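Residue numbers (the working numbering): 9 to 220. Heads up, the beta-carbon is just placed ideally off N, CA and C, and yes, glycines get one too. No experiment lies behind these values; they were computed from the predicted model shown. Below is one structure, written out as structure tokens; the observations come after it.
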């Protein structure tokens with residue numbers, strides 16, 4: 009069952025600000041696009057956006073021909089803003105799932121995916137049990153040979169975001185969480201500048217799941 013307190017919190021965040029003013033907004037999600045390009049996925053690949061919110065990464069991937077994207081978020085308001093921006097035709101190319109990544113329901117029964125993409129969601133899960141549920145879900149849903157892109161606050165990053173505490177990571181910590189069934193392909197640090205002008209250091213990683 010969805011954590012309704014958390015859901016109401018994020019609904020209020022999306023209802024209270026324009027997408028372009030949110031602390032994680034990217035006009036051009038360049039790093040995510042570069043890592044996804046390295047995966048050499050066919051346009052019918054299943055791409056899951058964990059904590060999609062109102063991301064415009066989906067727009068860019070639609071423009072590249074990808075037609076099997078899944079937008080997952082706990083916030084109905086965030087997903088609604090994304091659907092409205094995409095418009096009728098493009099929103100019809102996306103599967104929409106309102107669910108909690110730490111208390112999954114619908115996500116437990118969907119088919120496996122070729123790519124799991126998460127930028128700025130994982131670091132909000134500060135409790136070990138929530139992290140374990142998240143990574144268990146990754147193992148359940150990412151196909152053998154599939155990929156995961158994870159971008160989170162790095163060890164030099166802020167201790168909180170959007171009024172909430174965060175868990176900071178480096179590539180080795182993410183690799184340990186994923187375990188031996190995933191191989192780290194790429195990692196780098198990036199300094200993100202928020203719409204407010206504040207700096208937020210991130211770590212970006214790309215992992216591939218073993219075929220076995």
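With the cut-off set at 8 Å, would you say residue 211 and residue 160 are in Cβ contact?
yes
Please list the terminal residues of the continuous alpha helix (DSSP H) segment that includes residue 19.
12-24
Contact check, residue 132 vs residue 172, beta carbons under 8 Å
yes
Residue 43 and residue 194 closer than 8 Å at C-beta:
yes
Determine the extent of the alpha helix (DSSP H) in which residue 138 is found, giving its start and end residues.
136-149
Buried or exposed: which applies to residue 213, given that a residue is buried once 16 or more other Cβ atoms fall within 10 Å of its Cβ?
buried
State the start and end residues of the unbroken alpha helix (DSSP H) segment that holds residue 71.
65-71
How should residue 108 be labelled, buried or exposed, when 16 other C-beta atoms within 10 angstroms of its C-beta is the threshold for buried?
buried
Name, in chain order, the residues that DSSP records as bridge partners for residue 155.
123, 216
Quick one: measure Cβ to Cβ for residue 47 and residue 123, integer angstroms, because I've assumed they're closer than 8 Å.
6 Å
Would you call residue 188 buried or exposed, if buried means 16 or more other Cβ atoms sit within 10 Å of its Cβ?
exposed
With distances taken Cα to Cα, identify the nearest neighbour of residue 32 among 78, 59, 128, 50.
128
Do you know how far the Cα of residue 218 is from the Cα of residue 59?
25 Å
Could you give the residue range of the beta strand (DSSP E) that holds residue 191?
190-201
Beta-carbon within less than 8 Å of residue 201's beta-carbon, same chain only, minus the 5 sequence neighbours each way: which residues are those?
207, 208
Under three-state DSSP, which class holds residue 208?
strand
What are the boundary residues of the beta strand (DSSP E) that includes residue 77?
77-81
For a minimum of 4 consecutive residues, which ranges assigned as the alpha helix (DSSP H) are wholly contained in the segment 29-64?
38-46
In whole angstroms, what separates the C-alpha of residue 12 from that of residue 22?
15 Å
If we ignore side chains and look at the alpha-carbon of each, how far apart do residue 84 and residue 78 end up?
14 Å
Classify residue 204 as buried or exposed, calling it buried when 16 or more other Cβ atoms lie within 10 Å of its own Cβ.
exposed
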